[in-house]
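Asker: Top line first, the protein sequences correspond to chains A and B. If you read the first sequence in the working numbering, its first letter stands for residue 1, the second for the next number, and so on. If you read the second sequence in the working numbering, its first letter stands for residue 1001, the second for the next number, and so on. Below: one structure in structure tokens.
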Amino acid sequence: MRDREGPSIDLIDVHKSYEEGERTHEVLTGASVTIPAGQRVAILGPSGSGKSTLLNLMSGIDLPDSGTVRIGDTDLGRLSERDRTLFRRDHIGFVFQFFNLLPTLTVLENLLLPLELSGRANGVRAGRGVDGSGVGAEEQARALLDAVELGARADAFPDRLSGGEQQRVAIARSLVHEPDLLLADEPTGNLDEDTGDRVIEVLESLVAAGRTTLVVVTHSRELAGRMDRILELDHGRLRDG
Amino acid sequence: MRLLTRASLRYLTQHRLQLLLSVLGVALGVAVVLSIDLAIQSARTGFRISAETVSGRATHVLASDVGFVDEGLLASLRIDLDVPAAAPVVEGYATSARLPGRALRILGIDPFSEGPFRPYVAGGPTGVDVSRLITTRRGVALSSGLASSGGLTPGDSLAVTVEGQAWTLPVVEVIEPGDELARAGLADVLLMDIAGAQEVLRMTGRLSRIDLRLEDDAEGAARVAAVESALPGGVGLQSVGTRSETMSGMIAAFDVNLTALSLLALIFGMFLIYNAVTFSVVQRRQILGRLRALGVTRGEIVRMILSEALWIGALGAVLGTVAGLFLARGLVGMVARTINDLYFAVSVQGIDLEPLLLVKGWVLGIGATLLAALPPALEAAGANPRMAALRSVVESRARRLVPRAAAWGAVLCLVGAGLLLIPTRSLAVSFTALFFVITGLAFATPAGTLVLVGAVRPILGRLAGTLGLIAARGVGTSLSRTAPAIAALVVAVSVTVGLGVMIQSFRGTLVQWLDGTLRADVYVSLPGPGASRATGTLWPDLVDDFVAHPQVSGYSTYRGIDLIREGDAFRLVALELDPRGESAFDFLDGAREEIMSRFRAGEGVIASEPYVFSRGLEVGDAVTLTTDQGERALPIVGVFYDYGSEQGTVMMARSLYDRLFDDPGITSLGLFLEDEANSDVVVGELLSIVPDGRAVIARTNDSLRSASLEVFDRTFQVTAVLRLLAFVVAFVGVLSALAALQLERARELGLLRASGMTPGQLGRLVVTQTGLIGLAAGVLAVPMGLALSVVMIFVVNKRSFGWTLNMEVGPEVLLQAVGLALVGALLAGVYPAWKMARTSPALALRGE
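Written out as structure tokens, the structure is:
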């Protein structure tokens, strides 16, 4: 689908803390890592260790207290809030633990939304089909839905789907605008084992086809074992596991 | 259609009840504002058209302060001053059983002088056949509209009463007005030859005024100067435009107050929108967070929320316009009647559909909606996408904001208080201050709620156990959603308390004033168009007969003139007082005996509180009158409390009046009876000596008092309707906010059901919680309402009308307020309780 490789990710001495009432909770205490372009990485760590915070920083949803987060050549800390949003819209795909589909849009419309946001919904060419030829937005979305085996549910609203189906839609949505970087936050955390496996297979195949850089936050060592590299978050710092 | 738009429209249609209530809020707000505007505009238009039709093309009038000029002046104008365009006019009012409820304006003219003035009299295709008007004694011409209302055709007779005298007027002509303007202007006019009008109005040898047409050039200016220099004492030259504006200006304060009240309804509507939009944002916090995570910018979120508000505003404005037109039809009658009662006779033919007012209603409706939606839209966009999804973050932030909001509330109240202290008579400043105070109080509401709920919690715990504790805690833990609803309810209820106390205080003051003022046992006056202003002249022979009644031990006479001069309008009264009547006056300063002694001696005049207040005068300043001896500046020797006239009243002793004016007439009479006399019996006997064909109103002290209070109640009818409508708007808002609040808790309530709570227990929990909110709002609204009433009574009212009122707080107003808030809130809990009790816990717990 994509004809270029995803970006590298550089985290340099990243610190992040949160106010919790009167106390300050330090989540990241100088996390640093370089993830080469196209690599598939799993981040492991106990609950509350800051895994989701790390994803939020990589996506520009949140900013570090100090340190640098660079995606490819882009230093997210130097971008305005609006530019970070536009960067996210164009370059990053997100898969959440709780699917986070929009309940007032159909399955197909949920997929079309990122394309519309990045101005490709009405374009001549929203992306490339599996054979490399240019395709329209809806065609692209439908192709992805077929790829996650939900082509027949395109017009259903999310609350009519099972958890596994919703997560497959969420994966399709995260990839429909051909992001350079896919961030997945516990993508199987809310699914049973079989469904989780199926979802991961879909994710892997689509990411491989697009040569997208993938960062998965998970508790599951089994899922982590399927990635190119495992990073462990320990006391606010990252180390290879 | 863009997907974001589609998503937001689907959200609106999926929450139909919320949408409906929001639209209803805007619609009611727009309807109230539009209907008040239309009603006042229609009354003004009615007045203007009728004034323009009657004045015709006259540019100036010659009139006197006492309401008539000698007709000899006309000849001297024409002969000595060579004024070519001058027309005599005699005017007055009549009533007719055939045309009930209409003040018929008798317009007596000289058809031969009318050429330059009134086209409908001057002949031509639509003009009157003047020969029949002149040759038929007391003949009248009337418009085709009026004729058809009374079922009259030429040859019929119209029985009328003019200043208490019955007359039969032959209909000689039906005028077919040439255009709509003339049709409206002539709607209530009885056109007569001047001689006939003088006869029925008892003005033989006198004119109400002389119309002049003077060119607006150097020659005209020279002629104006010449006329002014040659005028006899007591007569002044006034421009028609200024005269009309002065009359129209009389209702300015009335207009501002009604408009302010209607805007209040719109502000309540804004609260409703704010509630609804805030709620929809809170409800979609997670969705909005997802959108932000997907790359939707803050601007796009704001635009999305505002577009939803725009749809709601536009829909509400359309419905509000339709409802406003219907409402205006009901209100216009009330407004016209109040103007008739208190200010001047006005004939309103229908709704004057001014397009600009429609646009104003639309702009206000849509503007208010967008304004109300802006804070929640900005809040939605400002939220960090990560934090947006966390309810605990939202609630803890809301709780942190409570003291800050209270502090801001205090600042706003202080700003309002500061504005109130500015020594100005500007109503705009007063209402702005009031707005600051109301908003400030709204900001302080969440803090007050927390304090109250904290105080009630242990009691609820004892009374209702864990359920009671959950209900009480729920109010505080969902403050982001409960606070706007409570604030809206508190503001609405406090405003109704404020208005209620203000009306109650006004009425109480009036009752007290009437008790002090109405000293005589029987009052005699003529029937007339205005309920609170005696007009006309009593027959001298009848006055003699009445005061000679064996049971009458003394009397006071009253001569009242509605004086309109350039830029000023007030009531001039000449009094001849029985000593017992002197105690009727209560003065702001100074000893009554001393003031009344100077008054009796004719050393000066006494003026009412509104008169001096609105003109910035005080004791020692002068009132200038155009008397028969020329301009006279009469010093004010005392200022008395008076609630009878907003324009103000100037009173002088009859002896002084007789020295200054050649007008022996008496407008009304107060009779003091012997101690053993029965007032009702005497009234009956007095009426029995009134000759056939004449009518007077003779009322006992009690019945005049009741009639005055009836006029008061009628005057406040519009206020009462607006108060009710404002409350309905607020009630709908609260109902929607609280109902939505509970519906939104479906998952939490489902969890409670799943944990074993019975439908009955759940119902009690929901209703207890909404009831608690209502109770908190009702209790908080009482001190706030009292604070508002202090501002309305002592500042807004004083600045509007110049009246000093005694504050009176009846327990019923306060109980009503707490009761209304409580009932409203309890009702708001019924539907969610009913719905949740019937919903399977599994369904309620099912997520997306």
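No residue lacks a Cβ here, since even glycine has one placed at the ideal position from N, Cα and C. Note that the structure is a prediction, hence the values are computed from the model and not measured.
Roughly how many angstroms separate the alpha carbons of residue 124 of chain A and residue 178 of chain A, rounded to a whole number?
Answerer: Below a pLDDT of 50, predicted positions are generally treated as unreliable, and residue 124 of chain A, at 42, falls in that range; no measurement from the model is reported.
Asker: Going by DSSP in three states, residue 1057 of chain B sits in which element: helix, strand or coil?
Answerer: Residue 1057 of chain B sits in coil when the DSSP states are folded into three classes, being neither helix nor strand.
Asker: For residue 1093 of chain B, list the residues DSSP reports as bridge partners.
Answerer: B/1105
Asker: Would you check if the distance between the CB atom of residue 1553 of chain B and the CB atom of residue 1670 of chain B is smaller than 8 angstroms?
Answerer: no
Asker: Let's see if you can read the secondary structure: which residues bound the alpha helix (DSSP H) around residue 91 of chain A?
Answerer: 81-91
Asker: Under 8 angstroms between the Cβ atoms of residue 88 of chain A and residue 119 of chain A?
Answerer: no
Asker: Please list, in chain order, the residues of the segment 1008-1025 of chain B that have any C-beta partner in chain A closer than 8 angstroms.
Answerer: Using a CB distance below 8 angstroms, the part of the segment 1008-1025 of chain B facing chain A consists of 1008, 1010, 1011 and 1014, ordered along the chain.
Asker: Find the nearest neighbour of residue 1783 of chain B within the set B/1815, B/1764 and B/1796, judged by alpha-carbon distance.
Answerer: B/1815
Asker: Once the 5 residues before and after residue 24 of chain A are set aside, which same chain residues still bring their CB inside 8 angstroms of it?
Answerer: 17 and 18
Asker: Under three-state DSSP, which class holds residue 1837 of chain B?
Answerer: helix
Asker: Can you give me, in chain order, the residues of the segment 1289-1309 of chain B that have a beta carbon less than 9 angstroms from any beta carbon in chain A?
Answerer: 1289, 1290, 1291, 1292, 1293, 1294, 1295, 1296, 1297, 1298, 1299 and 1300
Asker: What span of residues does the alpha helix (DSSP H) with residue 65 of chain A cover, start to end?
Answerer: Here residue 65 of chain A belongs to no alpha helix (DSSP H), and DSSP marks it neither H nor E.
Asker: For chain A, is any of its Cβ atoms less than 8 angstroms away from the one on residue 1287 of chain B?
Answerer: Closer than 8 angstroms to the CB of residue 1287 of chain B there is at least one CB belonging to chain A.
Asker: My assumption, with CB atoms under 8 angstroms, is that residue 1321 of chain B sits in contact with residue 1382 of chain B. Please give the rounded CB distance.
Answerer: Rounded, the Cβ-Cβ distance is 35 angstroms, inconsistent with contact.
Asker: List the residues that DSSP assigns as beta-bridge partners of residue 1143 of chain B.
Answerer: B/1175
Asker: Would a check of beta-carbon distances place residue 1450 of chain B closer than 8 angstroms to chain A?
Answerer: no
Asker: Would you mind sorting residue 1008 of chain B into buried or exposed? The rule is 16 or more other CB atoms within 10 Å of its CB.
Answerer: buried
Asker: Cα separation between residue 236 of chain A and residue 30 of chain A?
Answerer: The alpha-carbon atoms of residue 236 of chain A and residue 30 of chain A are separated by roughly 7 angstroms.
Asker: Please confirm whether residue 1325 of chain B has its beta-carbon closer than 8 angstroms to some beta-carbon of chain A.
Answerer: no
Asker: Drop a sphere of 10 angstroms on the beta-carbon of residue 1646 of chain B, count the other beta-carbons inside from all chains shown, and report buried for 16 or more, exposed for fewer.
Answerer: buried
Asker: Quick one, which residues of the segment 77-89 of chain A are near chain B if we go by CB-CB under 9 angstroms, in chain order?
Answerer: 81, 82, 85, 86, 87, 88 and 89
Asker: Determine, using beta-carbon pairs with one atom in the segment 1809-1825 of chain B and one in the segment 1496-1505 of chain B, whether at least three such pairs fall under 8 angstroms.
Answerer: yes
Asker: Residues of chain A with a CB under 9 angstroms from the CB of residue 1006 of chain B: which are they?
Answerer: 104, 105 and 109
Asker: The segment 47-73 of chain A: which residues have C-beta closer than 7 angstroms to a C-beta of chain B, in chain order?
Answerer: Residues 56, 61 and 62.
Asker: Please report the residue range of the alpha helix (DSSP H) in which residue 1629 of chain B lies.
Answerer: Premise fails: residue 1629 of chain B is in no alpha helix (DSSP H) and is neither H nor E.
Asker: Could you tell me the distance, in whole angstroms, from the CA atom of residue 181 of chain A to the CA atom of residue 44 of chain A?
Answerer: When rounded, the distance between both Cα atoms is 18 angstroms.
Asker: Could you tell me the alpha carbon to alpha carbon distance between residue 1637 of chain B and residue 1630 of chain B, rounded to whole angstroms?
Answerer: Approximately 21 angstroms between the Cα atoms of the pair.
Asker: How long is the line joining the alpha carbons of residue 1490 of chain B and residue 1278 of chain B, rounded to whole angstroms?
Answerer: 18 angstroms
Asker: Identify which residue in B/1558, B/1155, B/1020 and B/1374 has its Cα closest to the Cα of residue 1653 of chain B.
Answerer: Out of B/1558, B/1155, B/1020 and B/1374, B/1558 has the C-alpha closest to the C-alpha of residue 1653 of chain B.
Asker: Are the Cβ atoms of residue 103 of chain A and residue 159 of chain A separated by less than 8 angstroms?
Answerer: yes
Asker: Determine the DSSP secondary structure at residue 55 of chain A, reduced to helix, strand or coil.
Answerer: helix
Asker: Return the first residue and the last residue of the beta strand (DSSP E) that residue 1853 of chain B is part of.
Answerer: In the structure as shown, chain B starts at 1001 and stops at 1848, and residue 1853 of chain B therefore has no counterpart that could be examined.
Asker: DSSP on residue 1193 of chain B, reduced to helix/strand/coil?
Answerer: strand
Asker: Does residue 116 of chain A come out as helix, strand or coil in the three-state DSSP assignment?
Answerer: helix
Asker: Compare the beta carbon distance of residue 1826 of chain B and residue 1774 of chain B with 8 angstroms and say whether it is the shorter of the two.
Answerer: yes
Asker: Ignore the nearest five residues each way along the sequence and tell me which others in residue 1651 of chain B's own chain have a CB closer than 7 angstroms to its CB.
Answerer: The beta carbon of residue 1651 of chain B lies closer than 7 angstroms to those of 1573, 1575, 1605 and 1606 in the same chain, with the five residues before and after it left out.
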